[in-house]
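> Quick one: this structure, given as structure tokens, is what I'll be asking you about.
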Amino acid sequence: MKHLILAAATSLLATPVAATQLTGTFDSIDGGTFAIEDWRGQPVLVVNTASLCGFTHQYGDLQELQDTYADAGLVVIAVPSDDFRQELGSEDEVKDFCEVNFGLTIPMTTITPVRGRNAHPFYQSLRAAGFTPNWNFNKVLLSPQGDLVGTWRSTTSPLSHKITREIEALLN
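Residue numbering for the sequence shown follows this note's numbering, starting at 1 and increasing by one per position.
Structure below.
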């Protein structure tokens with residue numbers, strides 16, 4: 001019975017969405033800021049992350065996804081968050097952890113709230129569009145025009161056919 005419930009819940013994890021433009025400026029873990037709008041004309045995958053989560057291995061998948069599709073235009077952004085109490089204590093620790101363990105070179109924000117009243121404006125807009133991260137490593141795909149294309153929960157690998165199929169469609 002538990003497997004049937006899990007299977008039913010998993011089938012609902014990829015959420016098709018109506019055209020909703022998402023924007024936002026983030027503080028970069030490397031200093032300065034970057035905006036989703038900086039990558040207009042390119043598909044963008046935004047993922048809320050955490051260094052001490054059971055899904056942390058997905059950092060490697062995110063880097064592989066970026067490496068595979070970067071030349072075609074994909075941008076992958078990691079948004080470390082402590083909303084689920086699984087993030088390291090400082091941006092320096094997060095940055096070092098990701099570089100040492102995963103060779104991460106994708107754009108990364110500072111530790112950022114993704115849920116609740118203090119959620120970053122990007123995630124507030126996402127909530128208004130009907131999606132709120134329920135755990136770490138939730139994925140949000142934006143079209144080159146900034147429209148919300150799809151969302152996936154933690155259990156969906158960044159390298160899954162569900163996600164790569166959508167990315168490839170946006171790149172063609």
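Where is the CB? At the ideal position from N, CA and C, for every residue including glycine.
1) DSSP state of Gln21, grouped into three classes?
2) Rounded to the nearest angstrom, what separates Pro228 and Ser28 at their Cα positions?
3) On the CB-based measure, 16 or more other CB atoms within 10 Å of its CB, does Ser51 come out buried or exposed?
4) What are the boundary residues of the beta strand (DSSP E) that Asn48 is part of?
5) As a quick exercise: from Glu87, Thr155, Thr68, pick the residue whose alpha carbon is nearest that of Cys53.
6) From this set, Gln58, Trp135, Asp71, which residue's C-alpha is nearest Leu171's C-alpha?
7) Suppose the cutoff is 6 Å on Cβ atoms and the five residues either side in sequence are ignored; what does the same chain contact list for Gly24 look like?
8) Between the segment 96-107 and the segment 58-74, can you find at least three pairs of beta-carbon atoms closer than 8 Å?
9) Could you give the distance in angstroms between the alpha-carbon of Lys162 and the alpha-carbon of Gly89?
10) Let me confirm a value: Ala119 is counted as buried when at least 16 other C-beta atoms fall within 10 Å, else exposed. Which label applies?
This is what the structure gives:
1) strand
2) No statement about residue 228 is possible, as the shown extent of the chain runs from 1 to 172 and does not include it.
3) buried
4) 44-49
5) Glu87
6) Asp71
7) Ile36, Pro121, Phe122
8) yes
9) 33 Å
10) buried
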